[in-house]
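Participant: First the structure, then my questions, so here it is.
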Amino acid sequence: MKKRRKIRWSRVLLLIVFLIALLIGVVWLGKNIAVIVQGIQLKYSELVAEQKLHSKFQDEKFKQYANILFFGLDDGDLDQTNSGKRADAVFLISINKQTGQINILSIPATAQINIIGKKDQTDISKAYYYGGAQLAVRSIENFLEVPIHHYIALDWNSFEKLVNEMGGINLYVEKDMQYIDPTVNLSINLKQGYQHLNGLETAHYAMFCKDELGEVGRVKRQQKLIKVMLDEFIKIDTIVKLPKVIELINQHITTSLSMYDVATLAKYINSSSPENLNMEMLGGNNIVAQNKEIWAVDKEKVNGQMEKMFINKNIE
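Heads up: the sequence shown begins at -8 in our numbering, then just goes up one per residue.
Structure (structure tokens):
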């Protein structure tokens, strides 16, 4: 019998929060970012060593933006040593270099797109599986018709470790959240009320969607969590833990960003704040097709979302 794959932490938006919050928090506290980034040993993907990301989308309207694709990866097939990893979490992060505005577009893993080299549309998560970051970036770039300047990939189990290293978070859980799936060893059991959550509990809060709101409810909870995480991160007792947090990031991140790029991004978001952080889900609807749930993309709405992101207007 084939071993079951480990549970995917589907679309856990919080994985990227640490990277954004790290930069914002340091700037807010008046720290010298150069000192911090010297200790960050970001691992480059072997794909980046072969070639840099050069976008074919060079429209003038994109020049004032830094666009980054974030991938939250699963563990691949446990019974196959060289198995590729799927990107269960995919986000487009756009930073306005002039205003510090940060827009995040959450892209459901089951969103149907054309992957370069594949005949039929399929889940966006499979692009990373088929060809790693380069293929995923190129395919999503073609799909959204915007330039992607960099990417970041992080394995899902790092999220839990990072939250625990920061001491957990304090959060009000709006409702009881219960869901059990023994086939993947998943058990979510959160009670309503204000409480202190550890890494696993925070991940459960972020991934829960088994209620009447479904994916929409999940995105709203993730928006709330990001603001809570930013508030937690800039506290003095969290800042003193930065060396360990940086060490964990170093161990698990794969990116095309250089240390110079990190410092530059910090400069761009110098004037940023939680109020400048806007989030939206890719336009479309969750439907059932061929006995599986997929995200049917509304291309007209997606085009409208891209227009909003790149004309200095907040995502609504």
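Idealized CB from N, CA, C, for every residue including glycine.
Output the boundary residues of the beta strand (DSSP E) element that contains Val81.
Facilitator: Residue numbering aside, residue 81 sits at position 90 when the sequence shown is read from its first letter. Per DSSP, Val81 belongs to the beta strand (DSSP E) from 78 to 87.
Participant: Output the residue ranges of the alpha helix (DSSP H) runs that lie fully inside the stretch 115 to 157 and measure 4 residues or longer, sorted by chain position.
Facilitator: Those alpha helix (DSSP H) runs which fall completely within the stretch 115 to 157 and span 4+ residues are 117 to 135, 148 to 156.
Participant: Closest by CA to Ala197, which one among Glu51, Gln169, Asn267?
Facilitator: Translated into positions along the sequence shown, residue 197 becomes position 206. The candidate whose alpha carbon is nearest that of Ala197 is Gln169.
Participant: Per DSSP, Thr113 forms a beta bridge with which residues?
Facilitator: The count along the sequence shown starts at 1 and reaches residue 113 at position 122. According to DSSP, which records beta bridges pairwise, Thr113 is partnered with Ile104.
Participant: Which term fits Gln32, buried or exposed, when burial requires 16 or more other beta carbons within 10 angstroms of its beta carbon?
Facilitator: Translated into the one-based positions of the sequence shown, residue 32 becomes position 41. Confidence is the limiting factor: at Gln32 the pLDDT is only 39, short of 50, which leaves the residue's position unreliable, though a coordinate-based value still follows. Its Cβ having fewer than 16 others within 10 Å, Gln32 is exposed.
Participant: Mind listing, in chain order, the continuous alpha helix (DSSP H) runs of no fewer than 4 residues lying wholly within the stretch 164 to 202?
Facilitator: Those alpha helix (DSSP H) runs which fall completely within the stretch 164 to 202 and span 4+ residues are 190 to 198.
Participant: Return the chain-ordered list of same chain residues with a C-beta closer than 7 Å to the C-beta of Gln89, the five sequence neighbours on each side being excluded.
Facilitator: Locating residue 89 in the sequence shown gives position 98, where the first residue counts as 1. If we look at Gln89 and ignore the five residues flanking it on each side, its Cβ neighbours are Gln55.
Participant: With a threshold of 16 other CB atoms inside 10 Å of the CB of Gly274, please say whether the residue is buried or exposed.
Facilitator: Against the sequence shown, residue 274 aligns to sequence position 283. Under this definition Gly274 is a buried residue.
Participant: Can you list, in chain order, the residues of its chain whose CB lies under 6 Å from that of Pro99, leaving out five sequence neighbours each side?
Facilitator: As a working note, residue 99 is residue 108 in the sequence shown. So the list reads Trp286, once near-sequence residues are dropped.
Participant: Between the Cα of Asn155 and the Cα atoms of Leu188, Ala118, Phe199, Ile107, which residue gives the shortest distance?
Facilitator: Here residue 155 corresponds to residue number 164 of the sequence shown, with the count starting at 1. Per the Cα distances, Leu188.
Participant: Over the uninterrupted alpha helix (DSSP H) stretch that includes Thr255, give me the two end residues.
Facilitator: Indexing the sequence shown from 1 puts residue 255 at position 264. It spans 250 to 259 - the alpha helix (DSSP H) in which Thr255 sits, taken as one unbroken run.
Participant: Within a Cβ cutoff of 8 Å, which residues of the same chain sit near Thr113, ignoring the five residues on either side of it in sequence?
Facilitator: Working through the sequence shown from its first residue, we reach residue 113 at position 122. These residues qualify, in order along the chain: Gln103, Ile104, Ile106.
Participant: Do Ala57 and Ile86 come within 8 Å of each other at the CB atom, strictly closer than that value?
Facilitator: As a working note, residue 86 is residue 95 in the sequence shown. As a working note, residue 57 is residue 66 in the sequence shown. Cβ distance < 8 Å, so Ile86 and Ala57 count as in contact.
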